[in-house]
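Visitor: Structure provided below as structure tokens; questions to follow.
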Amino acid sequence: LSEALNVAATQTDSSVLTRVKSQLYHTGVLSQCVHALSLDPIRLRGNWTAAANIVCPLSSCCVGVDPGKHSKAFHRLFLPSVIDSLLSLASQLMRRAEVRRDVPSSSLFRKVMDSVSWLLRAHTQLTTQANSKQYSLCRDFLSRLSDDSVLLLLNEAVGQLAVSSDSAVGRASVMLILLMANQLQLRLDNLLDKDWRGQGFDQDVDQLIALIQSDRSTMSPSQVSTEHVRAACVIQAAWRSYRTRRRVKSLSRAVSTLQRRYRYLTELQSVCVRRQQARRAFHQKQRQLLQLLPPDQVQSYLQECERRAAVVIQSFWRGFRERRRYNNTHRNTLRHTRSQQQAARTLQRAVRHFLQERREAKAPPVAPFWIGQKGLTDSRRAELKTQLEDYIAAHPSSHVSPEECQRLHEEVQLLLLSELQRGEQRRREEQRMEALLAHTHTQLELLRDAPPLSVVTATDAESFLSLSGPVAARARDAHNARLQASRLPWWRTLGEPVDVFTPAHLQDLEAELGGLFVGGSAEVSKLTEVDGLNL
């Protein structure tokens, strides 16, 4: 495998190496190598060098290969199996080196890990495969080492920074010192960065220097200026990236606009060319017709053509002139008509408003129509509305004269006046009823505070000889009458006052409401005498 890859790499055509790697993958050679690496340590029989030698060409073939139509299987199945085999072999070599203290095993382990690093740089999606449940990075290994081991590692890292000029060695040393400083909180005061600037890992060097100098309370002016320069660089980079993204977004619109303009100009040019071709064909046809005519008829034919052309031009001009004149006349007529209609509407609106104000000024003020009703229920309102509609349908209205309107107005005024008078009478009756109720309450209190019958004197008996029974009966009748009056519709109260205190009517109300029991008895004829009591 190594010889085949070396021969393909020496060719001037770079596609030869890709074809060789693809053939090795499609023929199953690489799969066989993976299978050999995944064997148990017992079956390897100590051939660790051969297994490590397979790793280098295998990792080289996995980088730059063209799997073709098997791309999904190559990335999802083959590459994870390769990284598993390499990590398994590396773990076996590491255990062998720890147990036997074997130097060749350490070199083989380093070779296998270099191949793993090569694969991970080429295929970044394998990082999750490498950092899984079986294989994980041990970042806290320093806590498991003794102080002597940590000091030895630190001396080695600082020594490599001092004597080596390889960028890979310098980067590894800086990252190791940074890890030690983060975990063990070490302070390295005298690390100079002048020899390792510009080697490709300036960010790690800056982070290490910042961590070393973290115990200083203030920063030097040079560091402040460096931070300002770095911040300015970050801001400028963000602004340039924003401008670039905006320019890229607007590029598609600009391209569309240019294409649209180009197509428009192309179409316009093609239309002009077609018109010129049609005009040229027409003139060619005219010339051919003139060549067919006899010489003595050419002049008459040309005159006839001129006459026809003049007639066409004159007809077009007259039509254009008449259309323009008609449009102007029609437009002026419409404008004049619209102005007249607008003026008429304005005048009519003003006249109607003036007449409405005159009518409102002459009309008498309308008195508030309030008769003390609490309002109608929905069912009663619907019933009244139905009755009103039936009456209007049965008695269609006719023209009413002003005299009839005046008479109706007077009747309504009389009804309203009578209603107001009845309201005054009702108020007087309410006052009288309140006085009777007060007298009744006084009598009830006397009855409640009365002494027993065994100790009653003649004076006490005379104090109870009062008209409390008739007063209570009168109060009951007044209450029943008020209930009946509240149940009457409003239009019934506009007529003649109904005598609600007649004996027959009171008996009906008592039967309807269930009656009230009052001690004693009194005839209905005596109820009318209550009004004459002196309280």
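Heads up: the sequence shown begins at 71 in my numbering, then just goes up one per residue.
We treat Cβ as the ideally placed atom computed from N, Cα and C, and that holds for glycine.
Since we're looking at a predicted model, the values are computed, not measured.
So residue 97 is in the alpha helix (DSSP H); what residue range does that whole segment cover?
Guide: Note, residue 97: premise wrong, no alpha helix (DSSP H); not H, not E.
Visitor: Indicate whether the contact test is met: 3 or more Cβ pairs, each with one atom in the stretch 521-528 and one in the stretch 480-492, closer than 8 Å.
Guide: At 8 Å Cβ cutoff, the stretches do not touch.
Visitor: Taking one C-beta from the stretch 113-132 and one from the stretch 188-195 each time, how about it: are there three or more such pairs within less than 8 Å?
Guide: With the cut-off at 8 Å, the stretch 113-132 and the stretch 188-195 touch.
Visitor: Find out if the Cβ-Cβ distance for the pair residue 103, residue 137 is shorter than 9 Å.
Guide: Contact flag unset, no.
Visitor: Give every residue of the same chain whose Cβ lies closer than 6 Å to the Cβ of residue 355, excluding the five residues on either side of it in the sequence, and list them in chain order.
Guide: Cβ within range, chain order: n/a, list empty.
Visitor: Do residue 151 and residue 108 have their CB atoms nearer than 9 Å?
Guide: Yes.
Visitor: May I ask you to report which of helix, strand or coil DSSP gives residue 152?
Guide: Residue 152: helix per DSSP, three-state reduction.
Visitor: Tell me whether residue 184 sits in a helix, a strand or coil according to DSSP, three-state version.
Guide: Residue 184 falls in the helix class under three-state DSSP.
Visitor: Just the C-alpha distance for residue 309 and residue 315, rounded to the nearest angstrom, thanks.
Guide: Approximately 10 Å between the Cα atoms of the pair.
Visitor: Quick check: residue 176 and residue 167, are their CB atoms within less than 9 Å of each other?
Guide: Yes, the pair counts as a contact, with Cβ atoms nearer than the cut-off.
Visitor: In whole angstroms, what is the alpha-carbon distance linking residue 75 and residue 87?
Guide: About 7 Å.
Visitor: Could you compute how far the alpha carbon of residue 193 sits from the alpha carbon of residue 85?
Guide: Distance between the alpha carbons of residue 193 and residue 85: 20 Å.
Visitor: Whole angstroms is fine: what's the gap from residue 228's alpha carbon to residue 243's?
Guide: Spanning the two alpha carbons is a distance of roughly 7 Å.
Visitor: State the Cα-Cα distance for the pair residue 449 and residue 559, rounded to the nearest angstrom.
Guide: Straight-line Cα distance between these residues: approximately 13 Å.
Visitor: When you compare the CB positions of residue 100 and residue 179, do they come within less than 9 Å of one another, or not?
Guide: Contact flag unset, no.
Visitor: I'd like the span of the alpha helix (DSSP H) that includes residue 129, first residue to last.
Guide: Residue 129 -> alpha helix (DSSP H) spans 118-132.
Visitor: What number of angstroms, rounded off, separates the C-alpha of residue 488 from the C-alpha of residue 498?
Guide: Computed Cα separation, rounded: 15 Å.
Visitor: Compare the C-alpha of residue 451 against each of 370, 389, 476, 561 and name the closest.
Guide: The residue with the shortest Cα to Cα distance from residue 451 is 561.
Visitor: Give the straight-line distance between the Cα atoms of residue 342 and residue 349, rounded to the nearest whole angstrom.
Guide: The alpha-carbon atoms of residue 342 and residue 349 are separated by roughly 11 Å.
Visitor: Could you please give the first and the last residue of the uninterrupted alpha helix (DSSP H) stretch that includes residue 449?
Guide: Residues 448-464.
Visitor: Under 9 Å, do residue 545 and residue 512 count as touching if we go by C-beta distance?
Guide: Not closer than 9 Å, so no.
Visitor: Determine the direct distance from the alpha carbon of residue 555 to that of residue 598, and round the result to whole angstroms.
Guide: For residue 598, the pLDDT reaches just 37, beneath the cut-off of 50, and the residue's location in the model is therefore unreliable, leaving the point undetermined.
Visitor: Can residue 222 and residue 247 be called in contact, C-beta distance under 9 Å?
Guide: Contact: no.
Visitor: For residue 440, is the classification buried or exposed, using 16 other Cβ atoms within 10 angstroms of its Cβ as the cut-off for buried?
Guide: In this prediction, residue 440 has a pLDDT of 49, which is less than 50 and means its spatial position is unreliable; what the coordinates show is noted afterwards. Result: exposed.
Visitor: Excluding sequence positions up to five away, which residues of its chain have a Cβ less than 7 Å from the Cβ of residue 245?
Guide: Cβ within range, chain order: 274.
Visitor: If I measure Cβ to Cβ from residue 32 and keep anything under 6 Å in the same chain, skipping five residues before and after, which residues do I get?
Guide: Residue 32 cannot be examined here, being either before or after the span of the chain that is shown, 71 to 605.
Visitor: Is the distance from the Cβ of residue 249 to the Cβ of residue 240 below 9 Å?
Guide: No, the Cβ-Cβ distance between residue 249 and residue 240 is not below 9 Å.
Visitor: Using only the alpha-carbon positions, how far apart do residue 312 and residue 321 sit?
Guide: Each residue's alpha carbon lies about 14 Å from the other.
Visitor: With 16 as the cutoff for other CB atoms within 10 Å, does residue 383 come out buried or exposed?
Guide: Exposed: under 16 other Cβ atoms inside 10 Å.
Visitor: Starting from residue 386, trace the alpha helix (DSSP H) in both directions and tell me its first and last residue.
Guide: 365-432 is the extent of the alpha helix (DSSP H) around residue 386.
Visitor: Using 8 Å for Cβ pairs, my map puts residue 182 next to residue 122. What's the rounded Cβ distance?
Guide: At roughly 6 Å, the Cβ-Cβ gap stays under 8 Å, so residue 182 and residue 122 are in contact.
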